[in-house]
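Structure record follows, encoded as structure tokens.
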Amino acid sequence: MTLGVNKQICTTRSTDLPGSAFSNVAGSKHPTNSPASHQRVITPRGDTPAAACAVSSVAVLVWYITVDIFPFVLWYQPVSPALQNKLMSIKVKRFRAQSINSLLSGSSELGHLIRAASLLERAQGELRRALPGDMQEHVYVGGYHQGKLTIITDKAAWLTWLRFQQSHLLGILHRLPELESVTGLAFKVRPVHPPKVPQRQHRRLPSKAADELSSCAADTDNPRLKKALERLASHAERQE
Numbered sequence: 001m002t003l004g005v006n007k008q009i010c011t012t013r014s015t016d017l018p019g020s021a022f023s024n025v026a027g028s029k030h031p032t033n034s035p036a037s038h039q040r041v042i043t044p045r046g047d048t049p050a051a052a053c054a055v056s057s058v059a060v061l062v063w064y065i066t067v068d069i070f071p072f073v074l075w076y077q078p079v080s081p082a083l084q085n086k087l088m089s090i091k092v093k094r095f096r097a098q099s100i101n102s103l104l105s106g107s108s109e110l111g112h113l114i115r116a117a118s119l120l121e122r123a124q125g126e127l128r129r130a131l132p133g134d135m136q137e138h139v140y141v142g143g144y145h146q147g148k149l150t151i152i153t154d155k156a157a158w159l160t161w162l163r164f165q166q167s168h169l170l171g172i173l174h175r176l177p178e179l180e181s182v183t184g185l186a187f188k189v190r191p192v193h194p195p196k197v198p199q200r201q202h203r204r205l206p207s208k209a210a211d212e213l214s215s216c217a218a219d220t221d222n223p224r225l226k227k228a229l230e231r232l233a234s235h236a237e238r239q240e
């Protein structure tokens with residue numbers, strides 16, 4: 001491809017050369033019979049485009065070696081045999097499954113959280129039994145931290161009463177051995193949204209559907225299917 005380019009560059013038409021038959025010499029506008037009117041070959045020298053192309057290729061090669069290969073050579077370091085053996089000897093540790101009793105009891109984090117939640121629930125039960133009836137649903141135990149039990153209420157009026165009865169409430173809480181470490185109460189006013197328990201919907205099977213199940217059980221020959229249909233039909237009959 002380079003030879004073709006050099007040949008194309010070095011071969012020029014006669015109209016592009018000075019002194020050709022088509023050059024405007026002495027105002028002449030007609031071609032002459034000079035041999036230079038056909039074609040003239042110029043020998044390429046060092047400042048030709050071919051030489052410039054070669055210099056550019058060398059520069060690109062040097063840039064590639066400097067930017068891509070040389071940093072990788074500097075970064076790469078051979079790994080010693082001792083380190084290779086150490087890396088190959090690493091094994092994945094398999095943790096054994098623990099029983100539910102070990103998770104819920106002992107010094108596990110889950111057991112600690114469950115015991116703390118149970119303690120707060122018992123504290124709330126004792127506290128509500130000591131409160132007036134119209135106030136019980138507006139007071140909740142929020143948490144326990146550094147010897148203080150946090151009490152949350154949704155009205156400032158209840159907060160004033162709770163602060164006035166603080167010593168009495170502490171005496172009630174100290175009846176439980178687990179709450180003897182409570183040294184004080186912290187009161188906060190927050191909007192309280194008690195959890196709503198969804199109502200359980202009891203499904204009933206109509207007597208007409210029970211009759212259909214009984215007839216299907218009488219017509220089937222599969223003993224397991226017949227027994228299941230009869231059991232469903234008997235539930236509907238007991239409900240009626």
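Read in order, the letters of the sequence shown are residues 1 to 240 in the UniProt record's numbering. Every residue gets a Cβ at the ideal spot worked out from N, C-alpha and C, and that includes glycine.
For A217, the enclosing alpha helix (DSSP H) begins and ends at 207-219. Rounded to the nearest angstrom, the gap between the Cα atoms of A218 and R204 is 22 Å. The beta carbon of E230 sits closer than 6 Å to the beta carbons of A217 from its chain, once the five residues preceding and following it are set aside; these are given in chain order. With a 10 Å radius around the Cβ and a threshold of 16 neighbouring Cβ atoms, T153 comes out buried.
With 16 or more other Cβ atoms from the protein chains shown falling within 10 Å of its own Cβ, L149 counts as buried.
Excluding residues up to 5 positions away in sequence, L229, L232, A233 lie with their Cβ nearer than 6 Å to the Cβ of L213 in the same chain. One alpha carbon belongs to S215, the other to V197, and they sit about 40 Å apart. In this chain, L179 is not harboured by any beta strand (DSSP E), its DSSP state being neither H nor E.
According to DSSP, T160 shares a beta bridge with no other residue.
Between H235 and R175, the alpha-carbon positions lie close to 49 Å from each other.
Residue state for V58 is assigned as helix, using DSSP reduced to three classes. In the DSSP assignment, G171 falls within the unbroken alpha helix (DSSP H) covering 166-173.
When beta bridges are read from the DSSP output, G143 appears opposite T150.
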